[in-house]
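> So the sequence shown is residues -22 to -1, 1 to 76, counted in mature numbering (1 follows the signal peptide of the UniProt record, and there is no 0). Take a look at this one; I'll ask things after.
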Amino acid sequence: MKKNLAAVAAVLLLAGVGAAAAEDVVIQPEQETVIKEYVKKQPLASVKVPGVELNIGTALPDTVELHEVPNVKYRYTVIDNRTVIVDPGTHKIVKIIE
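Given below as structure tokens:
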């Protein structure tokens, strides 16, 4: 019985590590530069999204309009005067530009 519990605990631990690693998105420095420059040239009005905390990995509601950055797979929006970079497939925040 103890061996089974240990095995289950190990599987759950590894599954958690895999899930955490899947959320770790690395934006290449050159892509980040392109995004920052584009965002400065194309400012957006800030919106409020009640009940959403701005953290890496937070999924934004589908109602939040995401704006394209040419030649970059990510989209951006401005929430509470903070520019957030979002994965358009999952609507998860991948970076917050301060």
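We put the beta carbon where it would ideally sit given N, CA and C, even for glycine.
In angstroms, rounded to a whole number, what distance separates the CA positions of glycine 22 and threonine 55?
As a first step, residue 22 must be located in the sequence shown, where it is residue number 44. As a first step, residue 55 must be located in the sequence shown, where it is residue number 77. In the sequence on display, residue 22 carries leucine and not glycine. Each residue's Cα considered, the two are about 7 Å apart.
> Does DSSP put lysine 51 in a helix, in a strand, or in coil?
Translated into the one-based positions of the sequence shown, residue 51 becomes position 73. Note: lysine 51 maps to coil in three-state DSSP.
> Between the alpha carbons of threonine 41 and glutamate 8, how many angstroms are there, rounded?
Counted from its first residue, the sequence shown places residue 41 at position 63. Counted from its first residue, the sequence shown places residue 8 at position 30. Taking the straight line from one Cα to the other gives about 30 Å.
> Roughly how far, in whole angstroms, is the beta-carbon of residue 127 from the beta-carbon of asparagine 59, given that I think they are within contact range, below 8 Å?
Outside the displayed range of the chain (-22 to 76) lies residue 127, so it cannot be described from this structure.
> Please list the terminal residues of the continuous alpha helix (DSSP H) segment that includes valine 17.
Residue 17 sits at position 39 when you count from the first residue of the sequence shown. Its alpha helix (DSSP H) spans residues 7 to 19.
> Do lysine 70 and isoleucine 5 have their C-beta atoms closer together than 8 Å?
Sequence index remark: in the sequence shown, residue 70 carries index 92 (1-based). Sequence index remark: in the sequence shown, residue 5 carries index 27 (1-based). Against a cut-off of 8 Å, the Cβ pair of isoleucine 5 and lysine 70 comes out as no contact.
> What distance in whole Å lies between the Cβ atoms of proline 28 and leucine 44, which are believed to be in contact at a cut-off of 8 Å?
For the purposes of this step, residue 44 is taken as the residue at position 66 of the sequence shown. For the purposes of this step, residue 28 is taken as the residue at position 50 of the sequence shown. The pair is not a contact, with the Cβ atoms about 18 Å apart (cut-off 8 Å).
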